[in-house]
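J.: Pasting in a structure now, in structure tokens, and then I'll have a few things to ask.
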Amino acid sequence: MQKTELKISVEELSPVKKRLDITVPAEAVKRELDSAYKSLRSSVNIAGFRKGAVPMNILKARFSGHVHEDVVKKLIENAYPHALSEKAIQPVDAPKVEIKTEALEEGKEFAFSAVVEVSPALVIDGYMGMKLDKKAIEVTDKDVEDGIQKLREVKAGFKDVERPAKDGDLVVVDFEGFMGNEPVKNTKSVDYPVLLGEKTLLPGFDEALRGASKGEDKEANISFPDNYSEKTLAGKEARFKMTVKAVKEKGLPELTVEFAKSVGCENIEGLVDKVKKELADVKETHDKERLKNEILDKLIEAHPFDVPDAMVNRYLGVILNRVIDGMKQGSYNPGDQGLSIEELKGKYRDMAVRQVKEDVVLDTIAAKEKLEVSREETEKAVRSIAESRGVSFESLMGRIEKEGALEIIKDGMKHEKVFDIILGASSAA
Amino acid sequence: MKNSYSIIKSPVITEKSTAKTAEGKVVFWVDVDANKNDIKSAVEKIFNVKVLDVNTNRVPGKMKRMGKHAGQKPTRKKAYISLREGDKIEIFEGV
């Protein structure tokens, strides 16, 4: 079908909604019908006729309803994309199609209308030379000290001590539970490390072990909690015999050249520099996020526009999926608990609208500035993700392409570029 | 004579019969006991057309077998009817 054959008129229902009235000319309708009957003829079996030898009039009499339905579908499928490209409309969702011709007839034209939602046509300016609340990034000596302290704690080791155990110590212990004189099944452990004060074992263990020294034997009556996973034991009491094998003290590594070397630095100065740099990076990322939000706030405020429902619903769907997945894994967002889907939708709708607006604004600027993300750039980004996750580039790329996530990555990079030019052209308020 | 509507049973719709339409002929299954005169008057009465000629032939019923049970399909009679030029019978136009 050539697009010039179509008669198309566009009516604006709202800034984000358009109605396309499309009329397919009679010749095109006839052509479609003929080809539909022809393909039907080669496949249909009617008693009294050989396959493929059924006369047209008999086919038309018997299969018109079926064929017409198919042809209508096909006409719309063909005409709709042509109409979109001719009128340069980019819908954000599937159209709502309404057929206006009551019955398809050979020799008559076929008319239908399609209501589509489009991205709002925005003209955004004022994004160059924005005044932003830029803050200098500074890392204080105290920040560095805290950073190094944290690093020491991560690298902390344990060493044996000959003194009674106290909270914070690691106690290595053998134990077994008895009821009467019978050992209780599955309660025997050898060389079990217990970090005192963390209450990782049944209540009562920590208390019994506190003050014990290396080589000491202990006994304690410990009751299983009522909700213990082993039903036969829940709520009962058992006598536990324990032997302390070792008491170890948690020791922070000294701030020495060796310690610096163990984290990959030449000397203590190098370590300080490294920590400082890492902290600065973190702060910078935080600050950039804040600035991005500020930019978006300002732009959205300066350019009020309607958002298409279809887009909002799509974003809302994504948000809800994430929230519900989170619930399944047990990480509740306080306040979401016990809400129905409808209530959640209401709650997160504003967030979805905001996200749509952000994306529309950023896309519009990207289009205006002709920002493109090349294949090489996306590949580079994927490669770095692959590296950080420790998977091969090929397998990650394959998965991304299969899930259609490449576009999302591309969009994200495009948006980054938009922020870069805005930030580059901005000045401090 | 029998009722016209029991003489003419149904149209024959096959490749051969549709090909005959082009020659101005139509084909019907008719009562085996009907003669050409009966058929002519019945067609003229029912379809309001002028019949020029009637050719008939009997189609003998076949033996049909379902395991050990043998059966006989009924013998039928087919009538080729030549219509006056311009006359038409609607049921052959699109069935």
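Residue numbers (the numbering used here), protein chains in the order written: chain A, 25 to 453; chain B, -17 to 77.
Glycine included, C-beta positions come from ideal geometry on N, C-alpha and C.
All figures in this text were calculated on a predicted structure; none of them were measured in a lab.
(1) Sorted by chain position, which residues of the same chain lie with C-beta nearer than 8 Å to Lys70/B's C-beta, five sequence neighbours on each side aside?
(2) Please classify Ser33/A: does DSSP put it in a helix, a strand, or coil?
(3) In the DSSP assignment, find the beta strand (DSSP E) that holds Asn245/A and state where it starts and stops.
(4) In the DSSP assignment, find the alpha helix (DSSP H) that holds Gly350/A and state where it starts and stops.
(5) Quick one: what's got a C-beta closer than 6 Å to Val77/B's C-beta in the same chain, skipping five residues either side?
(6) Can you check whether the C-beta of Arg74/A is within less than 8 Å of a C-beta belonging to chain B?
(7) Using a threshold of 8 Å, state whether the C-beta atoms of Lys22/B and Arg40/B are closer than that.
(8) Is Phe134/A helix, strand or coil by DSSP?
(9) Cβ of Glu5/B less than 8 Å from any chain A Cβ?
(10) Between which two residues does the beta strand (DSSP E) holding Pro217/A run?
(11) Any idea what DSSP makes of Ile446/A, helix, strand or coil?
(12) Apart from the five residues on each side of it in sequence, which residues of its chain come closer than 7 Å, Cβ to Cβ, to Val197/A?
(13) If we ignore side chains and look at the alpha-carbon of each, how far apart do Glu290/A and Val299/A end up?
(14) Checking contacts by CB at 8 Å: is Ala77/A closer than that to chain B?
(15) For the alpha helix (DSSP H) holding Arg86/A, just list the boundary residues, first then last.
(16) What does DSSP give as the partner residues of Glu51/B in its beta bridges?
(17) Taking only beta-carbon positions, decide if Ile(-10)/B is within less than 8 Å of chain A.
(18) Residues in the same chain with beta-carbon distance under 6 Å from Lys(-16)/B, minus the five sequence neighbours each way, listed in chain order, please.
(19) Thinking just about the alpha-carbon of each residue, which of Val78/A, Asn245/A, Arg263/A is nearest to the one in Asn205/A?
(20) Check whether the Cβ of Glu(-3)/B lies closer than 8 Å to any Cβ atom in chain A.
(21) Using a Cβ-Cβ cut-off of 8 Å, state whether Thr0/B counts as contacting chain A.
(22) Please return the same chain residues whose Cβ sits closer than 8 Å to the Cβ of Val336/A, not counting the five positions on each side in sequence.
(23) Spatial neighbours of Leu344/A within its chain, please: CB distance less than 8 Å, with the 5 preceding and 5 following residues excluded, ordered by chain position.
(24) Do Tyr62/B and Val25/B come within 8 Å of each other at the CB atom, strictly closer than that value?
(25) Closest to Glu51/A by C-alpha separation, out of Leu108/A, Pro39/A, Gly131/A, Val95/A, would be which residue?
(26) When you compare only the Cα positions, how much space is there between Glu222/A and Val397/A?
(27) In angstroms, rounded to a whole number, what distance separates the CA positions of Lys166/A and Gly288/A?
(28) With H, G and I counted as helix, E and B as strand and the rest as coil, what does DSSP make of Tyr61/A?
(29) Report the rounded CA-to-CA distance for Val271/A versus Leu447/A, giving the unit in angstroms.
(30) Compare the C-alpha of Gly43/B against each of Lys55/B, Asp35/B, Ser(-1)/B, Lys(-2)/B and name the closest.
(31) Just the Cα atoms here: how many angstroms apart are Ala410/A and Ser419/A?
(32) Using the rule of at least 16 other Cβ atoms within 10 Å of the residue's Cβ for burial, across every protein chain shown, is Ser143/A buried or exposed?
(33) Could you give the distance in angstroms between the alpha-carbon of Asp230/A and the alpha-carbon of Gly201/A?
(34) Taking 8 Å as the limit between beta carbons, can you name the residues of its chain near Gly275/A, skipping five residues before and five after?
(35) Check each candidate in Val281/A, Val214/A, Val208/A, Glu240/A and name the one with the smallest Cα separation from Ile246/A.
(36) From His90/A to Ser33/A, what distance separates their C-alpha atoms?
T.: With the structure as the only source:
(1) As a first step, residue 70/B must be located in the second sequence, where it is residue number 88. Val31, listed in sequence order.
(2) The residue you call residue 33/A lines up with position 9 of the first sequence. Reduced to three states, the DSSP call for Ser33/A is strand.
(3) Translated into the one-based positions of the first sequence, residue 245/A becomes position 221. Its beta strand (DSSP E) spans residues 241 to 247.
(4) In the first sequence, residue 350/A corresponds to position 326, counting from 1. Segment 333 to 352, the alpha helix (DSSP H) holding Gly350/A.
(5) Taking the second sequence and counting its residues from 1, one reaches residue 77/B at position 95. Any reading at Val77/B needs caution, since the residue's pLDDT is 46, under 50, leaving its predicted position unreliable; the model's value is listed next. Result list for Val77/B: Ile(-5), in chain order.
(6) Here residue 74/A refers to the residue found at position 50 of the first sequence. Yes, because at least one Cβ of chain B sits closer than 8 Å to the Cβ of Arg74/A.
(7) Within the second sequence, the letter at position 40 stands for residue 22/B. Within the second sequence, the letter at position 58 stands for residue 40/B. At a Cβ-Cβ threshold of 8 Å, Lys22/B and Arg40/B do not count as neighbours.
(8) On the first sequence, position 110 is the one that residue 134/A refers to. Here Phe134/A carries a strand assignment [DSSP, helix/strand/coil].
(9) Taking the second sequence and counting its residues from 1, one reaches residue 5/B at position 23. With a threshold of 8 Å between beta carbons, Glu5/B makes no contact with chain A.
(10) As a first step, residue 217/A is located in the first sequence; it is residue number 193 there, counting from the start. Its beta strand (DSSP E) spans residues 213 to 219.
(11) Numbered from its first residue, the first sequence carries residue 446/A at position 422. For Ile446/A, the three-state secondary structure derived from DSSP is helix.
(12) Within the first sequence, numbered from 1, the residue matching residue 197/A stands at position 173. For Val197/A, where only same-chain residues beyond five positions count, the Cβ hits under 7 Å are Tyr216, Val218, Leu233, Met266, Thr267, Val268, Lys269.
(13) Counted from its first residue, the first sequence places residue 290/A at position 266. Counted from its first residue, the first sequence places residue 299/A at position 275. If I take the Cα positions, the gap works out to 13 Å.
(14) In the first sequence, residue 77/A corresponds to position 53, counting from 1. Judged by the 8 Å Cβ criterion, Ala77/A is in contact with chain B.
(15) Within the first sequence, numbered from 1, the residue matching residue 86/A stands at position 62. Looking at the DSSP string, the run of the alpha helix (DSSP H) that includes Arg86/A is 80 to 111.
(16) As a first step, residue 51/B must be located in the second sequence, where it is residue number 69. This sequence places His at residue 51/B; Glu is not what is there. The secondary-structure analysis by DSSP pairs His51/B across a beta bridge with Met48/B.
(17) Taking the second sequence and counting its residues from 1, one reaches residue -10/B at position 8. Chain A contact via Cβ: absent.
(18) Position 2 of the second sequence holds residue -16/B. Exclusion of the five residues before and after Lys(-16)/B leaves no residue of its chain whose Cβ lies closer than 6 Å to its Cβ.
(19) For the purposes of this step, residue 205/A is identified with residue 181 of the first sequence, where counting begins at 1. For the residues Val78/A, Asn245/A, Arg263/A, the minimum Cα distance to Asn205/A belongs to Arg263/A.
(20) Here residue -3/B corresponds to residue number 15 of the second sequence, with the count starting at 1. Using a CB distance cut-off of 8 Å, Glu(-3)/B counts as an interface residue toward chain A.
(21) In the second sequence, residue 0/B corresponds to position 18, counting from 1. Under the Cβ criterion of 8 Å, Thr0/B is counted among the residues facing chain A.
(22) Taking the first sequence and counting its residues from 1, the one referred to as residue 336/A is at position 312. Once the five neighbours on either side are set aside, the close Cβ partners of Val336/A are Arg373, Ala376, Val377, Val380.
(23) Numbered from 1 along the first sequence, position 320 holds the residue referred to as residue 344/A. Cβ within range, chain order: Ile365, Leu368, Lys369, Tyr372.
(24) By 1-based counting over the second sequence, the position of residue 25/B is 43. By 1-based counting over the second sequence, the position of residue 62/B is 80. Not a contact, by the Cβ cut-off of 8 Å.
(25) Here residue 51/A refers to the residue found at position 27 when the first sequence is read from its first residue. That would be Gly131/A, whose Cα lies nearest to the Cα of Glu51/A.
(26) As a working note, residue 222/A is residue 198 in the first sequence. As a working note, residue 397/A is residue 373 in the first sequence. Note on geometry: alpha-carbon atoms of Glu222/A and Val397/A lie some 51 Å from one another.
(27) The residue given as residue 166/A occupies position 142 in the first sequence. The residue given as residue 288/A occupies position 264 in the first sequence. Whole-angstrom Cα-Cα distance: 22 Å.
(28) Against the first sequence, residue 61/A aligns to sequence position 37. Per DSSP, reduced to three states, the secondary structure at Tyr61/A is helical.
(29) Residue 271/A sits at position 247 when you count from the first residue of the first sequence. Residue 447/A sits at position 423 when you count from the first residue of the first sequence. It is roughly 56 Å from the alpha-carbon of Val271/A to the alpha-carbon of Leu447/A.
(30) Indexing the second sequence from 1 puts residue 43/B at position 61. Looking at the Cα atoms, Lys55/B is the closest of the given residues.
(31) For the purposes of this step, residue 410/A is taken as residue 386 along the first sequence, with counting starting at 1. For the purposes of this step, residue 419/A is taken as residue 395 along the first sequence, with counting starting at 1. Each residue's alpha carbon lies about 9 Å from the other.
(32) Position 119 of the first sequence holds residue 143/A. Of the other Cβ atoms in all chains shown, 16 or more fall within 10 Å of the Cβ of Ser143/A; this residue is therefore buried.
(33) Counting from one through the first sequence, the residue named residue 230/A turns up at place 206. Counting from one through the first sequence, the residue named residue 201/A turns up at place 177. When rounded, the distance between both Cα atoms is 15 Å.
(34) As a working mapping, residue 275/A is identified with position 251 in the first sequence. Once the five neighbours on either side are set aside, the close Cβ partners of Gly275/A are Ala180, Gly181, Phe182, Lys183.
(35) What you label residue 246/A is simply residue 222 of the first sequence in a count that begins at 1. Comparing Cα-Cα distances from Ile246/A to each of Val281/A, Val214/A, Val208/A, Glu240/A, the minimum goes to Val208/A.
(36) The residue you call residue 90/A lines up with position 66 of the first sequence. The residue you call residue 33/A lines up with position 9 of the first sequence. A direct Cα-Cα distance of roughly 29 Å separates His90/A from Ser33/A.
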